[in-house]
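A.B. asks: For what it's worth, the working numbering labels the leading residue of the sequence shown as 8, then goes sequentially.
All C-beta atoms in this analysis are idealised placements derived from N, C-alpha and C, irrespective of residue type, glycine included.
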Amino acid sequence: DVIDTERMREFLEIPVVRTVGSRGEGIRELLDAVIEEARLGPHHEHEIGYGEDVEKAIADLVRILGRAPSLSRRYPLRWFAVKLLEGDQVVLGRLDGSPVEDEIRAYLEGIDQVELEAHMANKRYEAINAVLPQVCSRCVVEMTASDMIDHVLTNKYLGIPIFLALMWAAFDLTFTASAPFMSAIDMGFAWLAEVVNASVSPDWLASLLGDGVIGGVGFVLVFAPNIFILFIILSVLEDSGYLARATFIMDRLMYKLGLHGKSFIPMLMGFGCSVPAIMVTRTIEDRRDRLISIIVTPFMSCSARLPVYVLVAGAFMGRNAGAAIFSMYILGIAVAVLSAKIYRSTIIRGQPAPFIMELPPYRMPTLRSTALHAWERGSQYMRKAGSIIMLGAIFIWFLASQPAGVEYGSEESYAGMLGHAIAPLLAPLGFDWRIAVGLLFGFVAKEVVVTSMGVLYGVGDQDNAALSDSLKEDPSLYALNAYGLMAFTLLYTPCIATIGAVRSETGSWRWTVFAVLYGLAVAWIVAFLIFKGGTLLGLGR
């Protein structure tokens with residue numbers, strides 16, 4: 008046998024039972040042993056040494072707990088103290104109403120539970136590794152290739168810089184690799200719009216099909232290569248096992264900033280779509296942790312925002328376009344964690360529960376798996392272009408072409424009137440009425456921002472390059488407020504579907520309205536600081 012159960016029983020001073028759960032072997036013997044131990048009651052305790060500082064904390068807690076007979080009679084006090092130091096919520100609940108509750112909670116407040124939990128886990132593994140050679144005849148405890156890679160990728164000093172470098176490379180590659188595909192799709196839609204305008208009558212129908220449907224949907228589909236390439240890269244990182252490491256790397260930082268470790272999972276998913284990301288917060292047990300995650304997840308830059316970034320950065324950022332787009336993802340993370348910190352100290356008080364996860368082994372991603380993941384996520388974008396965005400494009404075309412007789416997309420159209428009505432709210436950010444209309448329709452779906460800009464800049468039936476040129480020729484737009492536009496697009500509510508998801512998961516219209524208004528306020532303030540701050544620093548035109 009590989010494991011000497013008798014020798015292990017001697018070391019641990021408890022019964023050791025062989026089991027094979029998948030075949031049900033040893034289950035009856037295990038239950039019998041548990042019942043027998045329960046009948047005998049606590050009669051021994053195998054102690055693990057946790058080091059001088061932790062042992063002192065355990066001794067302090069044992070001394071305090073000894074003054075609570077209701078606890079000392081029911082539980083082994085050392086075990087109870089260890090569980091308190093680990094932040095075990097069930098054990099903490101056992102303190103309710105005890106005479107030492109306030110004293111113990113005050114003692115625990117000064118302890119960094121993330122650091123302590125990791126330290127105690129390491130000590131347990133040290134104890135396991137010390138026992139294994141004594142009881143296991145063919146167990147070899149050695150450093151694997153996966154362990155060696157993890158020593159670098161999850162290093163407390165190198166882990167976050169490596170993660171940020173990989174993310175920057177992913178977004179820079181997304182921007183550069185997709186350029187030729189975007190150009191080909193662009194030319195195809197421009198040709199199709201010209202054919203429709205030349206062959207369809209009456210004029211209003213040609214305008215609807217060419218400027219509204221083909222132009223509007225085309226402006227969005229031209230960014231499909233960006234979406235697919237980004238999801239291919241993220242699928243490779245996920246299937247390889249690296250994204251699980253990224254969650255582990257960020258947990259320590261997120262805990263200190265007021266976010267639960269599990270919050271990083273929906274935040275990562277938020278890079279794809281906010282709706283399923285918000286739904287994933289159901290895996291977070293604590294209601295306060297879950298509520299904070301729901302409110303801050305929409306700040307993560309979903310794929311629907313990418314077309315706006317690509318358009319604006321391509322027009323104004325030149326060779327720095329990739330870096331500008333990458334900075335939006337960093338800004339979203341920064342705003343999310345800062346917001347969580349504010350919530351933790353004000354309206355949603357309390358410390359997040361510690362987070363433990365098992366890291367999966369590294370695997371070589373397969374072509375089939377990567378392609379399936381990319382298609383599954385990217386096709387959602389395509390379906391949206393054929394439904395919500397097409398309807399939005401038709402509605403914007405109607406506003407831009409009515410009342411009858413006005414110049415298409417002019418200030419005299421309904422779209423122009425609407426834009427002028429809300430423009431004063433955005434004027435301090437350096438945005439004109441056309442940008443105001445685009446951002447307003449962005450509540451439907453962020454891709455509609457690009458569609459509406461194509462309509463209002465009068466290039467609805469031309470290619471995406473024409474819209475980029477029109478933006479550059481607009482005297483009211485330049486690199487500084489264009490960057491502010493990217494930031495505003497990032498930070499305000501992603502879409503109507505996200506609002507619905509927030510309402511569904513919180514079960515409260517009050518929190519839903521708060522999340523929408525908070526996002527709008529943050530977007531306005533950040534864009535204002537970028538525009539005014541940059542102007543004061545001489546970074547204007």
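For methionine 27, write down the residues that DSSP places opposite it in a beta bridge.
C.D. replies: In the sequence as presented, methionine is not what sits at residue 27; that position holds valine. DSSP lists Glu32 as partners of valine 27.
A.B. asks: Name, in chain order, the residues that DSSP records as bridge partners for serine 143.
C.D. replies: The sequence as given places cysteine at residue 143; serine does not occur at that position. DSSP, once it has assigned bridges, lists Ile10 as partnering cysteine 143.
A.B. asks: From Ile21, Leu139, Leu313, pick the residue whose C-alpha is nearest to that of phenylalanine 178; which is it?
C.D. replies: It is Leu313 whose Cα lies nearest to the Cα of phenylalanine 178.
A.B. asks: With three or more beta-carbon pairs closer than 8 Å as the criterion, would you say the stretch 100 to 120 touches the stretch 34 to 44?
C.D. replies: Because the criterion of three Cβ pairs below 8 Å is not met, the stretch 100 to 120 and the stretch 34 to 44 do not touch.
A.B. asks: Return yes when the Cβ of arginine 252 is within less than 8 Å of the Cβ of aspartate 154, no when it is not.
C.D. replies: Not in contact: aspartate 154 and arginine 252 (Cβ atoms no closer than 8 Å).
A.B. asks: Express the C-alpha separation of isoleucine 301 and isoleucine 21 in angstroms, rounding to a whole number.
C.D. replies: Roughly 45 Å separates the two Cα atoms.
A.B. asks: Would tryptophan 440 and glycine 423 qualify as a contact pair, given that the criterion is a beta-carbon distance under 8 Å?
C.D. replies: Contact: yes.
A.B. asks: Any idea what DSSP makes of glutamine 96, helix, strand or coil?
C.D. replies: The answer is helix: DSSP assigns glutamine 96 an H, G or I state.
A.B. asks: Specify, as a first and last residue, the run of the alpha helix (DSSP H) that alanine 422 falls within.
C.D. replies: Its alpha helix (DSSP H) spans residues 421 to 433.
A.B. asks: Rounding to the nearest angstrom, what Cα-Cα distance links glycine 339 and phenylalanine 448 in this structure?
C.D. replies: Roughly 21 Å between the two C-alpha positions.
A.B. asks: Considering only residues of the same chain and omitting the five flanking positions on each side of isoleucine 65, which have a CB-CB separation below 8 Å?
C.D. replies: Correct list, in chain order: Tyr57, Arg85, Ala88, Val89, Leu92.
A.B. asks: Taking contact to mean at least 3 C-beta pairs separated by less than 8 Å, is the stretch 302 to 311 in contact with the stretch 270 to 281?
C.D. replies: Judged by Cβ distances under 8 Å, the stretch 302 to 311 makes contact with the stretch 270 to 281, as three or more pairs qualify.
A.B. asks: Excluding the five sequence neighbours on either side, which residues of its own chain have a C-beta within less than 6 Å of the C-beta of cysteine 502, listed in chain order?
C.D. replies: Once the five neighbours on either side are set aside, the close Cβ partners of cysteine 502 are Ala452.
A.B. asks: Buried or exposed: which applies to arginine 297, given that a residue is buried once 16 or more other Cβ atoms fall within 10 Å of its Cβ?
C.D. replies: Burial call: buried.
A.B. asks: Quick test of your reading: alanine 381 and phenylalanine 238, contact by CB under 8 Å. State the CB separation rounded to the nearest angstrom.
C.D. replies: Going by Cβ atoms, the distance from alanine 381 to phenylalanine 238 rounds to 4 Å, so yes, they are a contact pair.
A.B. asks: Cα-Cα, which of Thr288, Met460, Thr183, Met174 is closest to serine 242?
C.D. replies: Of Thr288, Met460, Thr183, Met174, the residue nearest in Cα terms is Met174.
A.B. asks: With 16 as the cutoff for other CB atoms within 10 Å, does threonine 551 come out buried or exposed?
C.D. replies: With the chain covering 8 to 548 only, the question about residue 551 has no answer from this structure.
A.B. asks: Identify every run of the alpha helix (DSSP H) within the stretch 461 to 511, keeping only runs that are complete inside it and at least 4 residues long; order them along the chain.
C.D. replies: Complete alpha helix (DSSP H) runs here, min 4: 471 to 480, 486 to 498.
A.B. asks: Considering only C-alpha positions, which residue in the set Gly385, Ile240, Pro273 is nearest to alanine 311?
C.D. replies: Of the candidates Gly385, Ile240, Pro273, the one whose C-alpha sits nearest the C-alpha of alanine 311 is Gly385.
A.B. asks: Skipping 5 residues on each side, what residues in its chain have a beta carbon closer than 8 Å to that of threonine 183?
C.D. replies: Result list for threonine 183: Gly329, in chain order.
A.B. asks: Could you say if the stretch 315 to 334 and the stretch 191 to 211 meet the contact criterion of at least three C-beta pairs nearer than 8 Å?
C.D. replies: No contact exists between the stretch 315 to 334 and the stretch 191 to 211.
A.B. asks: Here's the rule I'm using: 16 or more other beta-carbon atoms within 10 Å means buried, otherwise exposed. How should arginine 536 be labelled?
C.D. replies: The sequence given here has leucine at residue 536, not arginine. Its Cβ having fewer than 16 others within 10 Å, leucine 536 is exposed.
A.B. asks: Indicate whether serine 475 and glycine 321 have their beta-carbon atoms separated by less than 8 Å.
C.D. replies: Yes, the pair counts as a contact, with Cβ atoms nearer than the cut-off.
A.B. asks: Return the first residue and the last residue of the alpha helix (DSSP H) that alanine 330 is part of.
C.D. replies: 328 to 352 is the extent of the alpha helix (DSSP H) around alanine 330.
A.B. asks: How many Å lie between alanine 137 and glutamate 62 at the Cα?
C.D. replies: The alpha-carbon atoms of alanine 137 and glutamate 62 are separated by roughly 20 Å.
A.B. asks: For the alpha helix (DSSP H) that leucine 298 lies in, which residues bound it at each end?
C.D. replies: Looking at the DSSP string, the run of the alpha helix (DSSP H) that includes leucine 298 is 294 to 303.
A.B. asks: Using C-beta distances below 6 Å, list every residue in its chain close to valine 23, excluding the 5 sequence neighbours before and after it, in chain order.
C.D. replies: Only Thr12, Met15, Arg16 meet the Cβ criterion.
A.B. asks: Is the beta carbon of valine 529 sitting closer than 8 Å to the one on leucine 318?
C.D. replies: Cβ distance not < 8 Å, so valine 529 and leucine 318 don't count as in contact.
A.B. asks: Along the chain, where does the alpha helix (DSSP H) that runs through alanine 311 open and close?
C.D. replies: Unbroken run through alanine 311: none, as it is neither H nor E.
A.B. asks: Can you give me the C-alpha to C-alpha distance between isoleucine 10 and proline 76, rounded to a whole angstrom?
C.D. replies: Distance between the alpha carbons of isoleucine 10 and proline 76: 41 Å.
A.B. asks: Take arginine 510 and list the residues in its own chain whose beta-carbon comes closer than 8 Å to its own, dropping the five residues that flank it on each side.
C.D. replies: Excluding positions up to five away in sequence, the list reads Trp516, Thr519.
A.B. asks: What whole-angstrom Cβ distance do glutamate 512 and threonine 151 have, given they're in contact under 8 Å?
C.D. replies: Contact flag wrong, Cβ pair sits at about 40 Å.
A.B. asks: Mark arginine 351 as exposed unless 16 or more other C-beta atoms lie within 10 angstroms of its C-beta, in which case mark it buried.
C.D. replies: Per the 10 Å Cβ criterion, buried.
A.B. asks: Indicate whether serine 408 and serine 214 have their beta-carbon atoms separated by less than 8 Å.
C.D. replies: Their beta carbons are under 8 Å apart, which means serine 408 touches serine 214 by this criterion.
A.B. asks: Buried or exposed for serine 459, please, with buried defined as at least 16 other CB atoms from any protein chain shown within 10 angstroms of its CB.
C.D. replies: Buried.
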